[in-house]
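Enquirer: Those letters in the sequence shown? Residues 14 to 93, by our numbering.
Below is the structure I would like to discuss, written out as structure tokens.
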Amino acid sequence: FAALDSDGSGELTFKEFRSACRNYGFHGNAQALFSSLDMMRDGVLKVKEVTFLDDWPTPANLLSEIGDASHLAKGYLHGA
Numbered sequence: 014f015a016a017l018d019s020d021g022s023g024e025l026t027f028k029e030f031r032s033a034c035r036n037y038g039f040h041g042n043a044q045a046l047f048s049s050l051d052m053m054r055d056g057v058l059k060v061k062e063v064t065f066l067d068d069w070p071t072p073a074n075l076l077s078e079i080g081d082a083s084h085l086a087k088g089y090l091h092g093a
């Protein structure tokens, strides 16, 4: 979060957020994403509004979980 907070205010304005989206290659609707994350509806993002993303499953995490569970299915199917 701090890396995106260019002015060190502890909050992300839409301008900072949009800049970070561009820098990290996000090509979707930054305004819609910002609005979705702005739970307080005060026009800035605070750490507490986005910390849930730390535990959000990513495609790599999901594939890893599927891979980790696949050995269980194989064992079950083969009578192990």
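All C-beta atoms in this analysis are idealised placements derived from N, C-alpha and C, irrespective of residue type, glycine included.
Expressed to the nearest angstrom, what Euclidean distance is found between the alpha-carbon atoms of residue 49 and residue 73?
Expert: The sequence position of residue 49 within the sequence shown is 36, counting from 1. The sequence position of residue 73 within the sequence shown is 60, counting from 1. Residue 49 and residue 73: Cα-Cα distance of roughly 23 Å.
Enquirer: May I have the straight-line CA-CA distance separating residue 84 from residue 55, to the nearest angstrom?
Expert: Your numbering for residue 84 matches position 71 in the sequence shown. Your numbering for residue 55 matches position 42 in the sequence shown. Residue confidence is low: residue 84 scores 49 on pLDDT, short of 50, so the model does not pin down where it sits. No coordinate-derived value is stated.
Enquirer: How close, in whole Å, do the beta carbons of residue 25 and residue 57 come, if the pair is a contact with beta carbons under 8 Å?
Expert: Reading the sequence shown from its first residue, position 12 is the one you call residue 25. Reading the sequence shown from its first residue, position 44 is the one you call residue 57. Confirmed, Cβ separation roughly 6 Å.
Enquirer: Taking 7 Å as the threshold (C-beta atoms), are residue 43 and residue 31 in contact?
Expert: For the purposes of this step, residue 31 is taken as the residue at position 18 of the sequence shown. For the purposes of this step, residue 43 is taken as the residue at position 30 of the sequence shown. Contact flag set, yes.
Enquirer: Can you check the stretch 26-51 for any alpha helix (DSSP H) of at least 4 residues that lies completely inside it and give the ranges in chain order?
Expert: 27-36, 43-50
Enquirer: Residue 66 by DSSP, collapsed to three states: which one?
Expert: Taking the first residue of the sequence shown as 1, we reach residue 66 at position 53. Residue 66 falls in the helix class under three-state DSSP.
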